[in-house]
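Residue numbers (the numbering used here): 8 to 170.
By construction, the Cβ of each residue, glycine as well, lies at the ideal position given by its N, Cα and C atoms.
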């Protein structure tokens, strides 16, 4: 009989890696665009600080809020690491298929949001199948261990309370 567990584990890891790559591909470019735009607006703001009027300030605040909503930290500079690097994308892919939903990272592009829905649609059942198979494999190993411990002729270990 063929054990499907190793194939399922590899398939599950491949699915997570594929999801991480797609999320990174879809989201990193948009994040970079908003980060660059924010940096440009911030530079303009600093250059024009002495002759600042209400309209310029409102425009800067609007860009600031938009950058924040897209996951760009306005306190840093353009060398801040991307929110959508591979490790964060992999973590996000894992939170999608496990339905944990932890963290503040979420797709901001329409393509990323649509992909997320379909990724979860197939990933959640895959995750449940993976966990079911993992449970069966662990149970089989624990039964083997229990039989080995309870084998006749083996010295028994007794615990006594000293209270």
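| Check | Outcome |
| --- | --- |
| Which whole runs of the beta strand (DSSP E) in the segment 14 to 98 are 3 residues long or more, in chain order? | none |
| When the Cα atoms are used, what is the spatial distance from residue 133 to residue 19? | 7 Å |
| Smallest Cα separation from residue 90: which of 40, 9, 13 and 145? | 40 |
| When you compare only the Cα positions, how much space is there between residue 42 and residue 108? | 25 Å |
| Am I right that residue 77 and residue 37 are in contact with their C-beta atoms under 8 Å? What's the rounded C-beta distance? | 7 Å |
| Is residue 11 helix, strand or coil by DSSP? | coil |
| Would you tell me roughly how many angstroms separate the C-alpha atoms of residue 147 and residue 135, rounded to the nearest one? | 18 Å |
| Do residue 119 and residue 34 count as a contact pair if the criterion is CB distance below 7 Å? | yes |
| For residue 55, collect the residues of the same chain with a Cβ closer than 7 Å to its Cβ; drop the 5 residues on either side in sequence, then sort them by chain order. | 63 |
| How would you label residue 26, buried or exposed, when you count the other beta carbons within 10 angstroms and need 16 or more for buried? | buried |
| By alpha-carbon positions, which one of 130, 117 and 115 ends up nearest to residue 102? | 130 |
| Can you say whether residue 23 is buried or exposed, counting buried as having 16 or more other CB atoms within 10 angstroms of its CB? | buried |
| Whose C-beta lies closer than 6 Å to the C-beta of residue 73 among residues of the same chain, with five residues either side of it excluded? | none |
| Taking the alpha carbon of residue 123 as the reference point, which residue from 99, 145, 10 and 13 has its own alpha carbon closest? | 99 |
| Would you please state the rounded distance, in angstroms, between the beta carbons of residue 15 and residue 140? I believe it to be under 8 Å. | 5 Å |
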